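Participant: Chains as they are written, first to last, in my numbering: chain R, 3 to 114; chain S, 613 to 727.
From the three backbone atoms N, C-alpha and C, an ideal C-beta is built for every residue, glycine too.
Because the structure is a prediction, the values reported are computed rather than measured.
Input: one structure, supplied below.
Next up, the structure:
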């Protein structure tokens, strides 16, 4: 079946540091890939997505590139802010059903 | 577009009681999903509807769980004879298919605590 593996957290960075959160996946076919963010006490918000190999999703300074050869979708940001502190989930959606498979999340804390 | 809404946001109940949650999807979204999220884990798929038809159920959905979407709009998730292991965040999501079918929009969730 489908699965998503995220780098374990928590991750603590200083403001303006570079962020990478690793995500690799296992899936049949050609899934779509997503990063969601969850702020304390809130639901999941879609951060970015990519629907085919070599696509780059980007939003709010975050980027991730769909790498089919390495089955990866790593999240990056060049300069994090305190307001980026949240839990980040990598997910995939494959086939016609559209249901998503999530990683376990990575908690990011950015200190001023 | 007011987003996906869920009610209640929090529910505390005693073991053995029945609980029901409601989800209102984004209007015109024909797909509706239920997920469960426990502390430190990602959401796990429970079931989904296309319009009023329930098309798939996870094996996580025991016979104590039932979901409905009677008119293809809002959905309810009922848990009968709750157990402490049912304590979790229950998330609802909706999407529009065909079109941008892979993008699901999530509600704020209902946090259930079973004492």
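Just curious, the beta strand (DSSP E) that residue 624 of chain S is in, first and last residue?
Facilitator: Looking at the DSSP string, the run of the beta strand (DSSP E) that includes residue 624 of chain S is 622-625.
Participant: Output, in chain order, the set of chain S residues within a Cβ distance shorter than 9 Å of residue 64 of chain R.
Facilitator: Listed along chain S, no residue sits closer than 9 Å to residue 64 of chain R by beta-carbon distance, the nearest being about 16 Å off.
Participant: Exposed or buried, what is residue 20 of chain R when buried is set at 16 or more other beta-carbons lying within 10 Å of its beta-carbon?
Facilitator: exposed
Participant: Cβ atoms of residue 688 of chain S and residue 722 of chain S: under 8 Å apart, would you say?
Facilitator: no
Participant: Within this structure, are the beta carbons of residue 94 of chain R and residue 108 of chain R separated by less than 8 Å?
Facilitator: no
Participant: Which residue or residues does DSSP assign as beta-bridge partners of residue 691 of chain S?
Facilitator: In the DSSP assignment, the residues bridged to residue 691 of chain S are S/631, S/677.
Participant: Which of the three DSSP states, helix, strand or coil, is assigned to residue 618 of chain S?
Facilitator: strand
Participant: Closest to residue 628 of chain S by CA distance: which of S/709, S/685, S/698, S/708 is it?
Facilitator: Checked all of S/709, S/685, S/698, S/708; the closest Cα to residue 628 of chain S is S/698.
Participant: With a CB to CB cut of under 6 Å and the five nearest residues on each side skipped, what residues in its chain are close to residue 55 of chain R?
Facilitator: Within the same chain, residue 55 of chain R has close Cβ partners 68, 70.
Participant: Exposed or buried, residue 83 of chain R, counting other C-beta atoms within 10 Å across all chains shown (16 or more means buried)?
Facilitator: exposed
Participant: Check the Cβ of residue 702 of chain S against every Cβ in chain R and list those closer than 9 Å, keeping chain order.
Facilitator: Going along chain R, no residue has its Cβ under 9 Å from residue 702 of chain S, so there is no contact; the nearest lies around 11 Å.
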